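Written below as structure tokens is the structure these notes are about.
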Amino acid sequence: HKNAMFDKYNKGTVPTLERDTCLYLAGLFDGESCIRLGFHNKDGRTRCTPVVKLAMTHKETMEWVAGLLQRKLGRHTCKNQNARMAWSVLIGNVEGVISLLEQLAPFMRVKREVAATVLQFCYLRRGKESLPWQERRYTEDEMALYVKVRELNRTGAIH
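The working numbering numbers the first residue of the sequence shown as -7 and each following residue consecutively.
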């Protein structure tokens, strides 16, 4: 299973961080991260997953962030073949995204609205992962939040 490594390191919550650490990380995530709701297919079923991904070329910084957030450090692939090697830390589960964004969003400036919208989506989806597939359908409110996140990310403006 090609996502086994991703699944192994992408479970659970992010630890509680000190305020100064939250301030620093909020700045990093404000400028260098992608906060989105991603659609993908798994086992022939479409799923919408909250994703927060930080990517940078400075490996030492990324190792520090990965350690703080208790996540695996990954390699970030760029479409530009001439780009320097970049490293990434990914949080892609509901509880992990909630625990990270609840701590960082109050200190964000650029991505505060998209972070708040992804949090709303996560609160609505919380606990549904363990339900039978037929009971996991997306509500109109959840789909409206998905559309809002796409629009916020499309504008690229301060939100």
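C-beta: ideal position from N, C-alpha, C; glycine also. Computed from a prediction, not measured in an experiment: that's the story for all the values here.
- [ ] Report yes if the C-beta distance between V89 and L111 is below 9 Å; otherwise report no.
- [x] yes
Open item on the list: Does F31 pass the burial test, meaning 16 or more other C-beta atoms within 10 Å, or should it be called exposed?
Closed with: Exposed, by the Cβ-count rule.
Open item on the list: Please state whether the Cβ-Cβ distance between V81 and K64 is less than 9 Å.
Closed with: yes
Task: For C26, three-class secondary structure by DSSP - done: Residue state, collapsed to three classes: strand.
Task: R67: first and last residue of the uninterrupted beta strand (DSSP E) it sits in - done: 65 to 68
- [ ] State the DSSP-derived secondary structure class of K98, mapped to helix, strand or coil.
- [x] The question names Lys, yet the displayed sequence has Pro at residue 98. Under the three-state reduction of DSSP output, P98 falls in the helix class.
Open item on the list: Going by DSSP in three states, K140 sits in which element: helix, strand or coil?
Closed with: helix
TODO: Enumerate in chain order the residues of its own chain whose CB-to-CB distance from D(-1) is below 6 Å, with the five nearest sequence positions on each side excluded.
DONE: Low confidence applies here, because D(-1) scores a pLDDT of 48, under 50, leaving its location unreliable; read the following figure in that light. No residues qualify anywhere along the chain.
- [ ] Under 7 Å Cβ to Cβ from T38, same chain only, skipping five residues before and after it: list those, please.
- [x] F31
TODO: May I ask you to report which of helix, strand or coil DSSP gives T131?
DONE: coil
Open item on the list: So for A58, helix, strand or coil by DSSP?
Closed with: helix
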